[in-house]
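Numbered by my numbering, the letters in the sequence shown go through residues 58 to 348 in order.
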Amino acid sequence: MKSLSDENSSCVISFVAFIPNFFINLFYILNTLGYETPIIDTKNIIEFTLFIAFTSTTFIPFSSLKKFNETCIAYAKEKVLPYKIITISLLTYSVITMFLFKNREITMSALIMAHSFFIITHFKKLGFAKRYNDDYKIRWQKKNSGIDDDSKDPNIFWFFKLWFSPRVIIPRNKRPLLKGYNVFFFSLIIFSIDRIPLIAFLVLCYLFIFFTEYIFSLYVETKGFCTEIKYSPRKGTDYWRITIIDYKNRRQIVFDSPTYPYFDSNDYVRIVTGMFTRKVVTYSISSKTTY
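In structure tokens form, the structure reads like this:
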């Protein structure tokens, strides 16, 4: 399923085709009424926006509403009603231009404008359906966490929140260590302390905290719902960004994994992290220890 950001990107692409043609038609009407308007290259704009409109159309087969339930679809259809009215109005205007202006370029521009807004309407409908579906998931997760629907939704403070219990004692051979390339990178920064003192100082602070966690086993656990598993490749390497939210204690953990986790979105997950660094040590879908 496409993400909401993908749908918004598709809307932006369609707006790129819609806006220039809107001004082409506006300037033509004003010019017909005797007003002076800027001179624009109508032909090239139409050719360019026609290509954009065609490109936007190719996204539709990969963005169906069939993956949503009837409630989500009904909600989305209700929300896009104003968009549908505008689309019908633009299509009607396009037909009128054929007989009123008898100008092939203006008619083509009007049709591109109507088509672009139709694409915008389609992806807005997908966006509304996904938003309603996500809201339903959040309500379900809150209910299963034993809290009210009216409680606060996750925000940036949940991500930076620190907690100190329940503390977990991890066997020394299971505690995370810095990777070789991290040690090399940090060493370069530290040896450059004369040139970049602030960054070197921050790196030293991080290393001090990291090894303090390692020596004294300063690790804590939290339990929450997996709200998102997003594929996020980096420089040819596969990565998945995973979000865990504990609604009861208002905590949020976001981490990257080079492999797809053995749980799915909406699963209840137990995760152990560093008390301060938030570096993930282990996770599981049960409340039992995994080490």
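We treat Cβ as the ideally placed atom computed from N, Cα and C, and that holds for glycine.
* Going by beta carbon distance, what residues of the same chain come within less than 6 Å of residue 324, once the five residues before and after it are set aside? -> The residues 283, 342, in chain order, have a CB closer than 6 Å to that of residue 324 in the same chain once the five nearest residues on each side in sequence are set aside.
* Determine, using beta carbons only, whether residue 338 and residue 233 come nearer to each other than 7 Å. => Yes; because the gap between Cβ atoms is below 7 Å, this pair is in contact.
* Go ahead and label residue 321 buried or exposed: buried means 16 or more other beta carbons lie within 10 angstroms of its beta carbon, across all protein chains shown. => Within 10 angstroms of the beta-carbon of residue 321 lie fewer than 16 other beta-carbons, which makes it exposed.
* **Extent of the continuous alpha helix (DSSP H) run through residue 214** => The continuous alpha helix (DSSP H) containing residue 214 extends over residues 213-217.
* To do: Take every Cβ of the stretch 80-89, pair it with every Cβ of the stretch 119-130, and state whether three or more of those distances are shorter than 8 Å.
  => Between the stretch 80-89 and the stretch 119-130, the count of C-beta pairs closer than 8 Å stays below three; the two stretches do not touch.
* Pull up the distance between the alpha-carbon of residue 152 and that of residue 95, whole angstroms please. => Spanning the alpha carbons of residue 152 and residue 95 requires a straight line of approximately 25 Å.
* To do: Return the first residue and the last residue of the alpha helix (DSSP H) that residue 282 is part of.
  => Element bounds for residue 282: not the alpha helix (DSSP H) but the beta strand (DSSP E), 276-288.
* Asked: Rounded to a whole number of angstroms, what is the C-alpha to C-alpha distance between residue 92 and residue 298?
  -> Their Cα atoms are separated by approximately 55 Å.
* Could you check where the alpha helix (DSSP H) with residue 142 kicks off and where it finishes? -> Unbroken alpha helix (DSSP H) run through residue 142: 138-157.
* With a 10 Å radius around its C-beta and 16 neighbouring C-beta atoms as the bar for buried, classify residue 262 as buried or exposed. => Looking at its Cβ environment, which holds fewer than 16 other Cβ atoms inside 10 Å, residue 262 is exposed.
* Any chance the stretch 138-158 sits against the stretch 102-120, with 3 or more Cβ pairs inside 8 Å? -> Contact between the stretch 138-158 and the stretch 102-120 is absent, because fewer than three Cβ pairs lie under 8 Å.
* What first and last residue would you give for the alpha helix (DSSP H) that runs through residue 330? -> From DSSP, residue 330 is part of no alpha helix (DSSP H) but of the beta strand (DSSP E) over 325-331.
* Asked: Can you list, in chain order, the residues of its chain whose CB lies under 6 Å from that of residue 163, leaving out five sequence neighbours each side?
  -> Take residue 163, set aside five residues on each side of it, and the residues of its chain with a beta-carbon closer than 6 Å to its own are 85, 154, in chain order.
* Assigned exposure category for residue 135 - 16 Cβ within 10 Å defines buried -> Residue environment for residue 135: exposed (fewer than 16 other C-beta atoms within 10 angstroms of its C-beta).
* Asked: In chain order, what residues of the same chain have a beta carbon less than 8 Å from the beta carbon of residue 221, not counting five sequence neighbours either side?
  -> Excluding positions up to five away in sequence, the list reads 277, 332.
* Between residue 225 and residue 329, is the Cβ-Cβ spacing less than 7 Å? -> Remark: C-beta atoms of residue 225 and residue 329 approach each other more closely than 7 Å.
* Cβ-Cβ separation, residue 133 to residue 185 (assumed contact under 8 Å), whole Å -> At roughly 4 Å, the Cβ-Cβ gap stays under 8 Å, so residue 185 and residue 133 are in contact.
* Asked: Which residue's Cα is closest to the Cα of residue 292: 279, 271, 315?
  -> Of the residues 279, 271, 315, the one whose Cα lies closest to the Cα of residue 292 is 315.
* Quick one: measure Cβ to Cβ for residue 169 and residue 107, integer angstroms, because I've assumed they're closer than 8 Å. => The Cβ separation is near 6 Å, so the contact holds.
* Taking residue 312 as part of the beta strand (DSSP E), name the residues at either end of that continuous run. => The continuous beta strand (DSSP E) containing residue 312 extends over residues 308-314.
* To do: Answer yes or no: do residue 175 and residue 149 have a C-beta to C-beta separation smaller than 7 Å?
  => Contact: no.
* Asked: When DSSP labels each residue in this structure, what does residue 92 get in the three-state scheme?
  -> If DSSP states are grouped into helix, strand and coil, residue 92 belongs with coil.
* If you draw a straight line from the C-alpha of residue 76 to the C-alpha of residue 259, how long is it? -> Within the model, the alpha-carbon separation for residue 76 versus residue 259 is close to 47 Å.
* For residue 172, collect the residues of the same chain with a Cβ closer than 6 Å to its Cβ; drop the 5 residues on either side in sequence, then sort them by chain order. => 110, listed in sequence order.
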